[in-house]
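Student:
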Amino acid sequence: MLPFGLAPRINAISRIQGDARWCVTLLTSRDREAVETLANDAELTNTRRKALQKQVQQAVEAELQYYDLDRDPVIVLAGDTWPAGVLGPVAGQIAQSYGHPVVLLSREADGLASGSARSVAGIDLYSLVASQTNLLTGFGGHPLAAGLRLPTAHIDCFRDGINHTFRQQYHLPTPSLAIDLCLTASQLNRTTFDQLKRLEPYGMGHPYPRILVKGAHLHGRYNKNLADAAGQKVSYVRTFLTLQDDTGPIDGVWWGHYSYELPQESVDVVVELDFFMNSRHACNPRCG
């Protein structure tokens, strides 16, 4: 509940509003009415954060179609309208998807650019960023993540420099995805869900189990945009689908994707198992 429920909403407040005092008030106030108002605002802010994050991710992926990963294995991209508060999560998603370290920057009106960087296993991103201190006005972080700021005029030199250092020190590891279980669709049931819950809490250092389903077909049923707390739709979509193998079907949700992105052929699918009862779904794997 904490890592996947409460924490993202608290984190969204500082990322989108830029004021962590709101979080402190939410967690410490004894005024029930004020707390309820802040909690609703946090939910609204988190929904907007998802929409902004998806927009930036789509913009980054569009630029990556023309990016030479062989020449520049450390991805360095900058945008004029990218909200700085969501660059870290987007960089993490891109790093995981592409298997490359990622630096995303937002150009600002004062001639500076600030942003976030995320790495992949085995690559000390902090040391790579630190190797370019002569181009930076500030930076900080640790081996897997960093924040930085530099003049926009230095971005191209920074990209060249960090990639030169990378090529001297590293070879990219083969991208991999750790699998915890290999199950059939029929085994994605309430019994399995209850057994996995006994291993909670999940979070950093103890991630939610990834389950591999081999030879599955994915059939999209419909897309649906999320709505914020005020009932307004935002541009963050989810696709409701049916996963089916030789043992039977199960309903699921693919977050942040459209049904036309589903593969037509049989595929091996990695899912996370969730379970809720309502008029439509018996259980709900989150496909990735």
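Sequential numbering from -14 applies to the sequence shown in the numbering used here. Even glycine gets a Cβ: it sits at the ideal position worked out from N, Cα and C.
Below 8 Å on the Cβ atoms is my guess for Ser104 versus Pro86; work out the distance and round it to an integer in Å.
Tutor: Along the sequence shown, one-based indexing puts residue 104 at 119. Along the sequence shown, one-based indexing puts residue 86 at 101. At roughly 5 Å, the Cβ-Cβ gap stays under 8 Å, so Ser104 and Pro86 are in contact.
Student: Alpha carbon to alpha carbon, how far is Glu28 from Ala19? Give it in angstroms, no decimals.
Tutor: Start at 1 with the first residue of the sequence shown, and residue 19 comes out as number 34. Start at 1 with the first residue of the sequence shown, and residue 28 comes out as number 43. Computed Cα separation, rounded: 14 Å.
Student: Taking the C-alpha atoms as reference points, what is the distance between Lys35 and Asn119?
Tutor: Taking the sequence shown and counting its residues from 1, one reaches residue 35 at position 50. Taking the sequence shown and counting its residues from 1, one reaches residue 119 at position 134. Taking the straight line joining both Cα atoms gives about 35 Å.
Student: Near Val75, which residues of its chain fall below 7 Å by C-beta distance, leaving aside the five closest residues on each side in sequence?
Tutor: As a working note, residue 75 is residue 90 in the sequence shown. Same-chain partners within the cutoff: Gln38, Val41, Gln42, Val45, Leu89.
Student: Hey, Thr169 and Asp231: beta-carbon distance below 9 Å or not?
Tutor: Stepping through the sequence shown from its first residue, residue 169 is reached at position 184. Stepping through the sequence shown from its first residue, residue 231 is reached at position 246. In contact: Thr169 and Asp231 (Cβ atoms closer than 9 Å).
Student: From what residue to what residue does the alpha helix (DSSP H) around Ala80 run?
Tutor: Counted from its first residue, the sequence shown places residue 80 at position 95. Per DSSP, Ala80 belongs to the alpha helix (DSSP H) from 72 to 83.
Student: Taking all protein chains shown into account, do 16 or more other C-beta atoms lie within 10 angstroms of the C-beta of Glu48, making it buried, or fewer, making it exposed?
Tutor: Translated into positions along the sequence shown, residue 48 becomes position 63. Glu48 comes out exposed.
Student: Spatial neighbours of Leu121 within its chain, please: C-beta separation below 7 Å, excluding the five flanking residues on both sides.
Tutor: Here residue 121 corresponds to residue number 136 of the sequence shown, with the count starting at 1. Within the same chain, Leu121 has close Cβ partners Leu133, Arg134, Leu135.
Student: May I ask you to report which of helix, strand or coil DSSP gives Gln42?
Tutor: Taking the sequence shown and counting its residues from 1, the one referred to as residue 42 is at position 57. Gln42 falls in the helix class under three-state DSSP.
Student: With which residues is Arg92 paired in a DSSP beta bridge?
Tutor: To locate residue 92, count along the sequence shown from 1; it is residue 107. DSSP output for Arg92 lists Ala98 as bridge partner(s).
Student: Check whether the Cβ atoms of Leu228 and Val254 lie closer than 9 Å to each other.
Tutor: Here residue 228 corresponds to residue number 243 of the sequence shown, with the count starting at 1. Here residue 254 corresponds to residue number 269 of the sequence shown, with the count starting at 1. It is a contact, given that the beta carbons lie within the stated cut-off.
Student: Classify Ser264 as buried or exposed, calling it buried when 16 or more other Cβ atoms lie within 10 Å of its own Cβ.
Tutor: For the purposes of this step, residue 264 is taken as residue 279 along the sequence shown, with counting starting at 1. Only weak support exists for where Ser264 lies, its pLDDT of 34 falling under 50; the value from the coordinates is given anyway. Answer is exposed; the Cβ neighbour count stays below 16.
Student: Within a Cβ cutoff of 8 Å, which residues of the same chain sit near Leu23, ignoring the five residues on either side of it in sequence?
Tutor: Taking the sequence shown and counting its residues from 1, one reaches residue 23 at position 38. Within the same chain, Leu23 has close Cβ partners Trp7, Thr10, Leu11, Ser14.
Student: Of all the CB atoms in chain D, is at least one closer than 9 Å to the CB of Thr224?
Tutor: No chain D is part of this structure, which consists of one protein chain only.
Student: In the DSSP assignment, find the beta strand (DSSP E) that holds Arg183 and state where it starts and stops.
Tutor: Locating residue 183 in the sequence shown gives position 198, where the first residue counts as 1. No beta strand (DSSP E) holds Arg183; DSSP gives it neither H nor E.
Student: Please report the straight-line C-alpha distance between Leu162 and Tyr193, rounded to a whole angstrom.
Tutor: Position 177 of the sequence shown, counted from the start, is the residue given in the question as residue 162. Position 208 of the sequence shown, counted from the start, is the residue given in the question as residue 193. So the alpha carbons of these two residues sit roughly 13 Å apart.
Student: Evaluate Ile196 with the Cβ neighbour count: other Cβ atoms within 10 Å of its Cβ, from every protein chain shown; 16 or more gives buried, anything less gives exposed.
Tutor: Indexing the sequence shown from 1 puts residue 196 at position 211. Its Cβ being crowded by 16 or more others within 10 Å, Ile196 is buried.
Student: Quick check on DSSP: helix, strand or coil for Ala336?
Tutor: Absent from the structure is residue 336, since the part of the chain shown begins at -14 and ends at 273.
Student: Along the chain, where does the alpha helix (DSSP H) that runs through Asp145 open and close?
Tutor: For the purposes of this step, residue 145 is identified with residue 160 of the sequence shown, where counting begins at 1. 140 to 154 is the span of the alpha helix (DSSP H), which, as asked, contains Asp145.
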